[in-house]
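S.K.:
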């Protein structure tokens, strides 16, 4: 409590700043299919229909969003608000951990690095699960630090947090179990804990797992039904990186992730490297901080490199370590150059952090920036509004491909066969006879249409760039009510 009171004003300032900063930049549309899955499950849990997607262990996230949705009445806004609260917690937590492991300056730098990181900022503005995991991981690390020091209450809290973390993302308890186990084991070896304390902590962790695991099994229809529902996902998941080319692709994604996390702060780190000076002060292997960093990082890095790494957000288990070590490197730079004007050095670091914020706000849409969120929102919103204004649900099917297919199933649920784009194959499917209009949501769907089929177009409001021109045309096909229509994922037959 004394430590909390000591830091209460910095924590309060950081929390308020971290809540206020993302508010103007929230996404307005569910971001790709995973976000839509979460929105669907806020209405009904059905693992076989990817509500949520396998393995389905997102119960803590979903319940948090459902609670906020009672007030906000908007699935996307509720999911984003969970992330905004989470980034505020993560910012305060990284400040505390920086203080615990190093010093106050490292804590401040780490907090502002996290607030201004383009990648972290991006994922806090969309309705995905990564930001909540980010905050939870740091809280577990703080609890493990105190449990390593012999704090019995922290031992139980760390076990509970670890158990509950599986209800946010399934990988988190697996990746952080070595960190928790060694922290508890060293405390037991040094006689800070009795065997009963360890048993009680394991029981507490089991309670944490059961709080999301039991509802998951009940909602899935039992253990056998759950295993059956995730089997296809499990088989494909473990084969994602079974070739050297895919591992190299994962390494490239790692590089891009680190650069987008650190932004302009990458520049001073490269300067250290070019000067052949270690940016990180050496830490002894017997130092708990060294052990914690290795135990925290290695499982995630190994898994993401050699097994499964599809999105930058998958790295959020280990990203706090990157932020902390970068803050430590910048603090070391300040100490090594203390003969220079301390004020100018601080301004230099603040400038890099400010540039990171500007990179997110004004950076190109090809990167994880606000422009990317805006482009995506505009793309979907314009189509959604135009379709509802021009095509009645009673005689229209909206068709899309890829991740847009899941969006169509949510935003056009009143239309015929809203889930058609998710199940189409090379085989032709017969459309409902009441349908006489097929709207093509994106330009990639039905790429092999016969020249005999008349495709009409509606002009949509133009984007800010000429390259957007193709995206601002909406194609559709109409036929007589008496005609029979079959569609596949590539073509259409009208008889």
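Numbering (my numbering), first residue to last: 67 to 561. Even glycine gets a Cβ: it sits at the ideal position worked out from N, Cα and C.
Pick out whichever of 196, 96, 182, 81 has its Cα sitting closest to the Cα of residue 376.
M.R.: Nearest option by C-alpha distance: 196.
S.K.: Please report the distance separating the alpha-carbon of residue 553 from that of residue 495.
M.R.: Computed Cα separation, rounded: 5 Å.
S.K.: If you run the structure through DSSP and keep just helix, strand and coil, what is residue 547?
M.R.: In this structure, residue 547 counts as coil in the three-state DSSP scheme.
S.K.: Going straight from the alpha carbon of residue 205 to that of residue 456, what length do you get?
M.R.: Rounded to whole angstroms, residue 205 to residue 456 spans 50 Å at the Cα level.
S.K.: Go through its chain and collect everything with a Cβ distance to residue 556's Cβ below 8 Å, but skip five positions before and after it.
M.R.: So the qualifying residues of the chain are 492, 512, 513, 514.
S.K.: Tell me, to the nearest whole angstrom, how far the beta carbon of residue 362 is from that of residue 384; I am working on the premise that it is less than 8 Å.
M.R.: Rounded, the Cβ-Cβ distance is 7 Å, consistent with contact.
S.K.: With a threshold of 8 Å on Cβ separation, who are the neighbours of residue 184 within its own chain once the five nearest residues in sequence on each side are excluded?
M.R.: The answer, listed in chain order, is 326, 327, 329, 422, 425, 426, 429, 433, 434, 435.
S.K.: Could I get the ranges of all uninterrupted beta strand (DSSP E) runs contained in the segment 442-482, with 3 residues as the minimum, in chain order?
M.R.: The qualifying runs are 462-465.
S.K.: Just the C-alpha distance for residue 67 and residue 74, rounded to the nearest angstrom, thanks.
M.R.: Here the model assigns residue 67 a pLDDT of 44, short of 50, so the residue's position is not dependable and the matter cannot be decided.
S.K.: So, using beta-carbon positions, are residue 82 and residue 179 closer together than 8 Å?
M.R.: For residue 82 and residue 179, no; Cβs fall outside 8 Å.
S.K.: Taking the straight line between their C-alpha atoms, what separation do you get for residue 95 and residue 262?
M.R.: The alpha-carbon atoms of residue 95 and residue 262 are separated by roughly 50 Å.
S.K.: When you compare each of 245, 157, 544, 121 to residue 299 by their alpha carbons, which one comes out closest?
M.R.: Selected option, being the one with the closest Cα: 121.
S.K.: Which residue from 526, 369, 503, 401 puts its Cα closest to that of residue 452?
M.R.: Residue 452 has its Cα closest to that of 526, out of 526, 369, 503, 401.
S.K.: Residue 382: beta carbon under 7 Å from a heavy atom of the ligand GDP?
M.R.: For the ligand GDP, the structure offers nothing, since it holds no ligand at all.
S.K.: Can you tell me the Cα-Cα spacing of residue 192 and residue 544, whole angstroms?
M.R.: When rounded, the distance between both Cα atoms is 36 Å.
S.K.: Taking the beta strand (DSSP E) that residue 558 belongs to, which residues open and close that run?
M.R.: It spans 558-560 - the beta strand (DSSP E) in which residue 558 sits, taken as one unbroken run.
S.K.: Return the residue from the list 486, 112, 294, 264 that minimises the CA-CA distance to residue 213.
M.R.: With distances taken between Cα atoms, residue 213 lies closest to 264.
S.K.: DSSP on residue 504, reduced to helix/strand/coil?
M.R.: Here residue 504 sits in strand by DSSP.
S.K.: State the CB to CB distance for the pair residue 507 and residue 449, rounded to an integer number of angstroms; the pair is presumed to be in contact (CB under 8 Å).
M.R.: About 6 Å separates the two Cβ atoms, so the contact holds.
S.K.: Within a Cβ cutoff of 6 Å, which residues of the same chain sit near residue 107, ignoring the five residues on either side of it in sequence?
M.R.: Only 117, 118, 128 meet the Cβ criterion.
S.K.: By the DSSP assignment, the beta strand (DSSP E) with residue 525 in it spans what residues?
M.R.: Per DSSP, residue 525 belongs to the beta strand (DSSP E) from 522-525.
S.K.: In its own chain, which residues sit with a C-beta less than 6 Å from the C-beta of residue 77, not counting the 5 before and 5 after it?
M.R.: 158.
S.K.: Report yes or no: do the segment 140-153 and the segment 87-94 share at least 3 C-beta pairs separated by less than 8 Å?
M.R.: Cβ pair count under 8 Å is three or more, so yes.
S.K.: Taking the straight line between their C-alpha atoms, what separation do you get for residue 560 and residue 294?
M.R.: Whole-angstrom Cα-Cα distance: 38 Å.
S.K.: Is residue 335 helix, strand or coil by DSSP?
M.R.: If DSSP states are grouped into helix, strand and coil, residue 335 belongs with the helices.
S.K.: Do you know how far the Cα of residue 188 is from the Cα of residue 531?
M.R.: In this prediction, residue 531 scores a pLDDT of 46, lower than 50, which makes its location untrustworthy; no coordinate-derived value is stated.
S.K.: Touch check for the segment 354-368 and the segment 242-255: three-plus C-beta pairs under 8 Å?
M.R.: At 8 Å Cβ cutoff, the stretches touch.
S.K.: Since residue 107 sits in a beta bridge, which residues does DSSP pair it with?
M.R.: DSSP lists no partner for residue 107.
S.K.: Please list the terminal residues of the continuous alpha helix (DSSP H) segment that includes residue 199.
M.R.: Here the alpha helix (DSSP H) through residue 199 covers 196-214.
S.K.: Assign residue 70 to buried or exposed, taking buried as 16 or more other Cβ atoms, counted over all protein chains shown, within 10 Å of its Cβ.
M.R.: Note that residue 70 scores a pLDDT of 48, beneath 50, so its modelled location is shaky; the value from the coordinates is reported in the next line. It counts as exposed.
S.K.: Mind checking residue 366: buried by the 16 CB within 10 Å criterion, or exposed?
M.R.: With 16 or more other Cβ atoms within 10 Å, it is buried.
S.K.: What residues are listed by DSSP as bridge partners for residue 538?
M.R.: Bridge partners of residue 538: none, in fact.
S.K.: Can you give me the C-alpha to C-alpha distance between residue 324 and residue 461, rounded to a whole angstrom?
M.R.: One C-alpha to the other measures close to 49 Å.
S.K.: Considering only DSSP beta bridges, list what residue 112 is partnered with.
M.R.: DSSP output for residue 112 lists 117 as bridge partner(s).
S.K.: Considering Cα atoms alone, identify which of 202, 546, 540 is closest to residue 232.
M.R.: Residue 232 has its Cα closest to that of 202, out of 202, 546, 540.
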